[in-house]
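Encoded as structure tokens, the structure appears first; notes follow it.
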Amino acid sequence: MIIAIDGPAASGKGTLARRLAAHYGLNHLDTGLLYRAVGRAMLDKGLDPANAEAATAAAEALDLAGLGSDPRLREEAAGEAASVVAAIPSVRAALLEQQRRFAATAPGAVLDGRDIGTVVCPNADVKLFVSASPEERARRRTDELAGKGEPADYGTILADIRQRDERDMKRSVAPLAPASDAFYLDTSMLGIEEVFARARAHVDLACG
Ligand code: C5P
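In our numbering, the protein residues as written are 17 to 224.
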């Protein structure tokens, strides 16, 4: 079974993906981490993330193992650099096979990202598109950072989210968009338990 979850930054798709994977006993891949690792590698080398040749080489050298345990990949700087390298077609091509291989590994997987239902796994058993207003997503990200004792300015975070949405939706290759057969979940007014329950009900109906 493959469950594809797409949506913008801080929409709650990562939390939902982890919960669904645990519930159905599936593997989970946060595909944003791949782009973040490529972006981070560029920053570490002092290179411009828009440098297509170097970013593609970094994507080709990427090893999925261990990505989830690097806290630096969760930082805003890595997210920003990720959305720049993610607009480079040869970077996306280099990461595509790794994602498909992960999805095809038994017993199946939940993948979350921007183009899972449209490009990576167009034949997924279930496709979810998770979204929330930019203001609500900025509020959640601000609370999350403040909870960790990190600097969190709502206005700056909202501006960053808007900029990242714009870049992710307007790029020419694999832009952020719901697949035509995706189940749309607006989480603006919903808590995680309600989102999880609605998603589960949809998966059970679709795969029942
Ligand atoms: O989801 P996350 O915020 O970690 O993703 C970081 C960036 O990586 C996104 O802003 C997007 O540009 C890119 N990305 C992508 N396709 C994916 C996952 C992430 O383009 N499947």
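Glycine included, each C-beta is placed from N, C-alpha and C at the ideal position.
Closer than 7 angstroms: residue i CB and nearest the ligand C5P heavy atom
i: D131; result: yes
i: R52; result: yes
i: G267; result: Given that the chain is displayed from residue 17 to residue 224, the structure contains no residue 267 and the question cannot be resolved.
i: R180; result: yes
i: D197; result: no
i: T47; result: yes
i: S106; result: no
i: A93; result: no
i: A119; result: no
i: R68; result: One detail in the question is off: residue 68 reads as Ala in this sequence, not Arg. Not under cutoff, so the answer is no.
i: D184; result: yes
i: A74; result: no
i: S99; result: yes
i: A20; result: no
i: A102; result: yes
i: A25; result: yes
Coarse secondary structure for residue i, derived from DSSP in three states
i: L192; result: coil
i: D128; result: strand
i: A162; result: helix
i: L49; result: helix
i: D181; result: helix
i: I104; result: coil
i: L80; result: coil
i: K186; result: helix
i: L201; result: strand
i: L206; result: coil
i: L63; result: coil
i: A74; result: helix
i: A94; result: helix
i: S149; result: coil
i: L221; result: helix
i: D22; result: strand
i: L42; result: coil
Residues near residue i by beta carbon distance below 7 angstroms, same chain, minus five either side
i: A97; result: G55, R56, M58, L59, P65
i: C137; result: I18, A20, A119, L127
i: V100; result: G55, P65, A66
i: A26; result: R153, R156, R157, I177
CB-CB length for residue i against residue j, believed under 8 angstroms
i: L89; j: R52; result: 4 angstroms
i: G28; j: V211; result: 6 angstroms
i: A215; j: L144; result: 6 angstroms
Same chain, Cβ closer than 6 angstroms to residue i, neighbours up to 5 away in sequence not counted
i: A94; result: R52, G55, R56
i: A102; result: Y51
i: I173; result: A154, R157, T158
i: V219; result: V142
Cut-off 8 angstroms between Cβ atoms - residues of its own chain near residue i, not counting five sequence neighbours on either side
i: Q114; result: L50, L78, L80
Stretch pair the region 189 to 200 + the region 132 to 147: three plus CB contacts closer than 8 angstroms: With a cut-off of 8 angstroms, the region 132 to 147 and the region 189 to 200 count as touching, because enough Cβ pairs lie within range.
Any 3 or more C-beta pairs closer than 8 angstroms across the region 137 to 153 and the region 59 to 68: Because the criterion of three Cβ pairs below 8 angstroms is not met, the region 137 to 153 and the region 59 to 68 do not touch.
Three-pair Cβ contact test at 8 angstroms for the region 25 to 43 versus the region 161 to 169: Because the criterion of three Cβ pairs below 8 angstroms is not met, the region 25 to 43 and the region 161 to 169 do not touch.
contact_flag[the region 178 to 192, the region 99 to 112] where n(CB pairs < 8 angstroms) is 3 or more: Touching, yes, given that three or more Cβ pairs across the two stretches are closer than 8 angstroms.
The region 170 to 183 in contact with the region 123 to 130 per 3-pair CB rule at 8 angstroms: No, the region 170 to 183 does not touch the region 123 to 130.
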